[in-house]
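Novice: Quick one: the structure is below, and I'll ask about it shortly.
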Amino acid sequence: MSRLKKTYNDYIVYFKEGRLNDAEIAKELGVSRVNVGKMRRKWESLKDESNYVTSTSKLTINEDTFNNMLARSLETETHANRLKNQVEIEKNNIALTFLSSFNRYCQLELQDDVKQADKLHNEILKYKQDIADSNDSFNLNLKISELKELEKKIETKKMDLCYKVLLKLKSVIDITKYKE
Numbered sequence: 074m075s076r077l078k079k080t081y082n083d084y085i086v087y088f089k090e091g092r093l094n095d096a097e098i099a100k101e102l103g104v105s106r107v108n109v110g111k112m113r114r115k116w117e118s119l120k121d122e123s124n125y126v127t128s129t130s131k132l133t134i135n136e137d138t139f140n141n142m143l144a145r146s147l148e149t150e151t152h153a154n155r156l157k158n159q160v161e162i163e164k165n166n167i168a169l170t171f172l173s174s175f176n177r178y179c180q181l182e183l184q185d186d187v188k189q190a191d192k193l194h195n196e197i198l199k200y201k202q203d204i205a206d207s208n209d210s211f212n213l214n215l216k217i218s219e220l221k222e223l224e225k226k227i228e229t230k231k232m233d234l235c236y237k238v239l240l241k242l243k244s245v246i247d248i249t250k251y252k253e
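One gets the working numbering by counting positions in the sequence shown from 1 and adding 73 to each.
Dropping the structure here:
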């Protein structure tokens, strides 16, 4: 920082912001802590007076002060964006974990029906081999229609599970939209 003489307005910007202590302001402005303390006392005594114009007055600040404020603002914005991105990454990780768990849950939920469908499929194959010798296709057609019904039941269960989960997710998404 250059050791240029700072105006009262250069100090006011930092005092109004209120995030930095006197030592940090002194470091940013390149002045002594004593000067910052004097200016703070002056500002605190003037800010409560009725004839002191607060936010409507035009401030003229040094270019260094402006650059410091701008740099800190950009730093803060960058940090906020970084945090926001980390939150999004975590949300995506949770979503992937959820999808993986949901797939395992579906497999477990449908396991008995899938085994029954496999058993029916094997029976149909056996009947096809047996029927090759005879003309009895009634039992084969019965097993095929039973298999189709079971497959429909499996798909219906799967859709029902997905639908219930989607409704829950929609309610969670709606809640998070209100928080943002």
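For every residue, glycine included, the Cβ atom is placed at its ideal position computed from N, Cα and C.
Compare the C-alpha of K89 against each of S173, L119, V104 and V107 and name the closest.
Specialist: It is L119.
Novice: Taking C-alpha atoms, which residue in E219, S173 and Y200 lies nearest to A190?
Specialist: The residue with the shortest Cα to Cα distance from A190 is E219.
Novice: Taking the CB atoms as reference points, tell me whether D95 and R113 lie closer together than 8 Å.
Specialist: Yes, they are a contact pair.
Novice: Tell me which residues share the same chain as I197 and place their Cβ nearer than 7 Å to its Cβ, disregarding the 5 neighbours each side in the sequence.
Specialist: Correct list, in chain order: L213, K216, I217 and L220.
Novice: Hey, V107 and K79: beta-carbon distance below 8 Å or not?
Specialist: No, these two residues do not count as a Cβ contact at 8 Å.
Novice: When burial is assigned at 16 or more other CB atoms within 10 Å of the CB, is Y84 buried or exposed?
Specialist: With 16 or more Cβ atoms within 10 Å of its Cβ, Y84 is classed as buried.
Novice: Is the region 169-181 in contact with the region 138-155, if contact means three or more CB pairs nearer than 8 Å?
Specialist: Short answer: they don't touch.
Novice: Let me know the secondary structure DSSP gives G110 once reduced to three states.
Specialist: Three-state result, G110: helix.
Novice: Return helix, strand or coil for T133, following the three-state DSSP convention.
Specialist: Coil.
Novice: In whole angstroms, give me the CA-to-CA distance for Q159 and T149.
Specialist: Distance between the alpha carbons of Q159 and T149: 15 Å.
Novice: Kindly provide the ranges of any beta strand (DSSP E) runs that are 3 or more residues long and lie completely inside the region 152-226, ordered along the chain.
Specialist: Correct list: empty.
Novice: Count the other CB atoms within 10 Å of the CB of V245; is the residue buried (16 or more) or exposed (fewer)?
Specialist: When all chains shown are included, V245 counts as exposed.
Novice: For M74, does the count of other Cβ atoms within 10 angstroms reach 16, so buried, or fall short, so exposed?
Specialist: Because M74 sits at a pLDDT of 45, beneath the cut-off of 50, its placement in the model cannot be relied upon, and the point is left open.
Novice: Could you tell me the distance, in whole angstroms, from the CA atom of H194 to the CA atom of T151?
Specialist: Roughly 60 Å between the two C-alpha positions.
Novice: Determine the direct distance from the alpha carbon of K243 to that of K188, and round the result to whole angstroms.
Specialist: Approximately 32 Å, taken between the alpha carbons.
Novice: Quick one: give me the first and last residue of the alpha helix (DSSP H) that V86 is part of.
Specialist: From DSSP, the alpha helix (DSSP H) with V86 extends over Y81 to E90.
Novice: Can you tell me whether L102 is buried or exposed? The criterion is at least 16 other CB atoms within 10 Å of its CB, across all chains shown.
Specialist: It counts as buried.
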